[in-house]
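Engineer: Mapping of the sequence shown onto the numbering used here: position 249 corresponds to residue 242, and the numbering continues sequentially without gaps. All C-beta atoms in this analysis are idealised placements derived from N, C-alpha and C, irrespective of residue type, glycine included. None of these values were measured; they are calculated from a predicted model. Mind having a look at this structure? Questions to follow.
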Amino acid sequence: MNKRKFSFQITRREFPLVATFVVFLVLYAYGGISYRNFLSPRVFFNLLTDNAVLGITAVGMTFVIISGGIDLSVGAVISTTAMIVAVLTQAGVPNLLVIVIALSFGTLLGFLMGFMIQFFKTPPFIVTLAGMFFARGLGYVLSLGSVPINHPFYAQMSSIGLRIGNGKLTIPGMALLLITLLAWYISRRTRFGRNVYALGGNEQSAILMGLPVGNTKIGVYTFSGFCSALAGFIYTFYTLSGYGLAAMGLEMEAIASAVIGGTLMTGGYGTVWGTLLGTLIQGLIKAIIAFNGQFSVFWIKLFTGGMLLGFILLQKVFVLGASSRKKK
-6 MNKRKFSFQI TRREFPLVAT FVVFLVLYAY GGISYRNFLS PRVFFNLLTD
44 NAVLGITAVG MTFVIISGGI DLSVGAVIST TAMIVAVLTQ AGVPNLLVIV
94 IALSFGTLLG FLMGFMIQFF KTPPFIVTLA GMFFARGLGY VLSLGSVPIN
144 HPFYAQMSSI GLRIGNGKLT IPGMALLLIT LLAWYISRRT RFGRNVYALG
194 GNEQSAILMG LPVGNTKIGV YTFSGFCSAL AGFIYTFYTL SGYGLAAMGL
244 EMEAIASAVI GGTLMTGGYG TVWGTLLGTL IQGLIKAIIA FNGQFSVFWI
294 KLFTGGMLLG FILLQKVFVL GASSRKKK
């Protein structure tokens, strides 16, 4: 009888993602050992709920980074989307129309930014920075203060969920898992997803291969805009209000989630499951600090920054270093 040998090998390219998973397990185990009830379903599902806005935004950001770009407008789109929902709801606009308008805002803005980047050959940093200022400005025009949302739909959506043990998988948590699953399918099972990776790997080669580079680039920013708008809509379930200063700096946290999850800032490689892990790692840091009670919230930025630098170093050593040696 022939005996088949099974081997599990990790390529240098996959090492940052494996490291992300190990870090997640270590942090989760540390929390479980150090604090009572940390390993309960309630804490885990709260991680999904509390980090849904960041996670959904980071999924869209992952596509942008894989394609070799950057999107600085996501935080502003979140706050303005929530503001649009609040103002239109307060004005008596039917809720279904409010949702369509709110989601269309971010999607259309993403499309316009992608169009400018592709056809006017403008750097993504500049275009999305302009998009950030535009979205923030629109939010301030709608209202300088916080606008409450009194519609019963939003209050209900903030409270319902699926009970699992002593935890609850809420609507925001479900949305995070569903958008991650959808993004994984798009990235791995569709032609558009393969084009995104090819574009980020080498845009000139993608053009020579006859790939629709322009449509792909526009599609990437459109998808990121949609994810940001969806995150802004989910955000209204938490606060039941719109506020122009909401989600300040969240674009940097989204980038951190993607990079900690193994996505290369140079483009061409990344996974949305890694981004989900990167988001949950940031959530675990917050949860551990909250359970500890002795550290201030500023330690969250310190730990996240240190971890981000560590993963950038890992990428340099294991991925970019290997690629440079192959070229030689």
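1. Evaluate Met202 with the Cβ neighbour count: other Cβ atoms within 10 Å of its Cβ, from every protein chain shown; 16 or more gives buried, anything less gives exposed.
2. Considering just the uninterrupted stretch of the alpha helix (DSSP H) at Ile157, what are its terminal residues?
3. Which partner residues of Gly235 appear in the DSSP bridge assignment?
4. Out of Phe38, Leu10 and Gly130, point me to the one whose CA is closest to Ala239's CA.
5. Can you list, in chain order, the residues of its chain with a C-beta nearer than 8 Å to that of Met(-6)? Leave out the 5 residues immediately preceding and following it.
6. Go through its chain and collect everything with a Cβ distance to Gly207's Cβ below 6 Å, but skip five positions before and after it.
7. Where DSSP assigns a beta bridge to Lys161, which residues make up the other side?
8. Could you compute how far the alpha carbon of Val11 sits from the alpha carbon of Ala128?
9. Using the rule of at least 16 other Cβ atoms within 10 Å of the residue's Cβ for burial, across every protein chain shown, is Met300 buried or exposed?
10. Residues in the same chain with beta-carbon distance under 6 Å from Asn44, minus the five sequence neighbours each way, listed in chain order, please.
11. Is it true that the CB of Ser180 sits closer than 8 Å to the CB of Val189?
12. State the CB to CB distance for the pair Ser221 and Ile63, rounded to an integer number of angstroms; the pair is presumed to be in contact (CB under 8 Å).
13. May I ask you to verify whether the segment 37 to 57 touches the segment 161 to 177, counting CB pairs closer than 8 Å and requiring at least 3?
Structural biologist: By the coordinates alone:
1. exposed
2. Not the alpha helix (DSSP H): Ile157 falls in the beta strand (DSSP E), residues Gly154 to Ile157.
3. In DSSP, Gly235 forms a bridge with Val140.
4. Gly130
5. With a pLDDT of 44 at Met(-6), under the threshold of 50, the modelled position of that residue is not reliable, and the figure given next carries that caveat. Closer than 8 Å at Cβ, skipping near neighbours: no residue.
6. Gln111
7. In the DSSP output, where bridge partners are listed per residue, Lys161 has Arg156.
8. 37 Å
9. buried
10. Thr272 and Gly276
11. yes
12. Contact doesn't hold; Cβ gap of about 13 Å is too wide.
13. With a cut-off of 8 Å, the segment 161 to 177 and the segment 37 to 57 count as touching, because enough Cβ pairs lie within range.
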